[in-house]
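Trainee: Our numbering applies: residue 192 is where the sequence shown begins, and numbers increase by one. Even glycine gets a Cβ: it sits at the ideal position worked out from N, Cα and C. One structure is given below, represented as structure tokens, and several questions about it will come after.
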Amino acid sequence: MASPANGAERPDREAKPASLVEQAYASIKHGIVTTAFAPGASLNEVQLSEELGIGRTPVHHALHRLAQEELVDILPRKGVRVRPVLQDEIAELIEARLVTEPYCAARAAERVREAELEEPRRILAEAEAELVGEGRTEALMKLDGAFHSWANRIAGNRVLYDVLDQFQNRSARFWFLSLSDIPHAEGVHKEHKAILRAIGARDPEAARRAAEDHIKSFRRTILKVI
192 MASPANGAER
202 PDREAKPASL
212 VEQAYASIKH
222 GIVTTAFAPG
232 ASLNEVQLSE
242 ELGIGRTPVH
252 HALHRLAQEE
262 LVDILPRKGV
272 RVRPVLQDEI
282 AELIEARLVT
292 EPYCAARAAE
302 RVREAELEEP
312 RRILAEAEAE
322 LVGEGRTEAL
332 MKLDGAFHSW
342 ANRIAGNRVL
352 YDVLDQFQNR
362 SARFWFLSLS
372 DIPHAEGVHK
382 EHKAILRAIG
392 ARDPEAARRA
402 AEDHIKSFRR
412 TILKVI
């Protein structure tokens with residue numbers, strides 16, 4: 192058993208590597224989501240380490256975390272590759288979202304408290320401001336994710352929330368591509384307002400329909416841009 196002194200020191204020794212892993216993970220994921228690292232591109236641990244100014248061990252762990260999220264493939268004796276954009280994968284993710292997210296929107300409409308509506312209103316106000324800004328795609332994507340996370344959280348099912356969080360991670364590249372389309376980005380904002388309006392009205396069926404329409408709109412757009 193470790194002595195009290197050793198036990199006290201261990202968190203300090205481990206904090207820095209954990210922080211570096213998070214930094215490497217966030218930087219590499221950003222490159223993948225924004226397609227700075229193109230689908231199918233090879234990623235070299237040594238090169239990434241040098242570019243990020245982070246040791247190889249944190250980069251290695253970050254890549255394995257991204258592999259768990261299915262954003263990269265780790266190929267034996269070949270290295271790491273950004274996962275290609277596959278139409279079958281997109282179709283499966285959309286199908287899964289159509290099964291789960293409208294249910295969450297309906298549940299949110301049944302459960303929401305008035306005080307909980309302030310957060311999505313703020314998110315949508317920020318998104319509306321970003322619609323007229325330059326370089327807005329990343330900001331819109333972040334706000335899009337925040338809005339969906341709110342609705343899924345209010346639904347009150349922690350298991351389903353975790354599942355949908357995984358869907359968001361796997362869908363991030365597709366979101367970026369779809370929100371780069373200006374008319375679609377404006378449409379997304381209107382669709383979010385419709386979802387929130389239905390949730391705020393405590394109308395589960397309207398919330399379900401609005402969420403379905405939103406996902407189907409995403410499907411139409413992403414199939415045009417990939």
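Can the beta-carbon of residue 402 be found less than 7 Å from the beta-carbon of residue 310?
Mentor: no
Trainee: Are there 16 or more other CB atoms within 10 angstroms of the CB of residue 312, so buried, or fewer, so exposed?
Mentor: exposed
Trainee: Roughly how far, in whole angstroms, is the beta-carbon of residue 335 from the beta-carbon of residue 370, given that I think they are within contact range, below 8 Å?
Mentor: 7 Å
Trainee: Can you tell me the Cβ-Cβ gap for residue 215 and residue 250, rounded? I've got them flagged as a contact below 8 Å.
Mentor: 5 Å
Trainee: Is it buried or exposed for residue 229, if we count other Cβ within 10 angstroms and need 16 for buried?
Mentor: exposed
Trainee: What separation, rounded to the nearest whole angstrom, lies between the Cα atoms of residue 366 and residue 268?
Mentor: 32 Å
Trainee: Can you grab the Cα-Cα spacing for the pair residue 346 / residue 238, in whole Å?
Mentor: Distance between the alpha carbons of residue 346 and residue 238: 43 Å.
Trainee: Would you check if the distance between the CB atom of residue 274 and the CB atom of residue 233 is smaller than 7 Å?
Mentor: no
Trainee: Over what stretch of residues does the alpha helix (DSSP H) that includes residue 257 continue unbroken?
Mentor: 247 to 259
Trainee: Compare the beta carbon distance of residue 245 and residue 211 with 7 Å and say whether it is the shorter of the two.
Mentor: yes
Trainee: Check each candidate in 308, 305, 331 and 307 and name the one with the smallest Cα separation from residue 317.
Mentor: 331
Trainee: Could you give the distance in angstroms between the alpha-carbon of residue 276 and the alpha-carbon of residue 372?
Mentor: 18 Å
Trainee: Within the same chain, show all residues whose beta-carbon is closer than 7 Å to that of residue 407, passing over the 5 residues directly before and after it, in chain order.
Mentor: none
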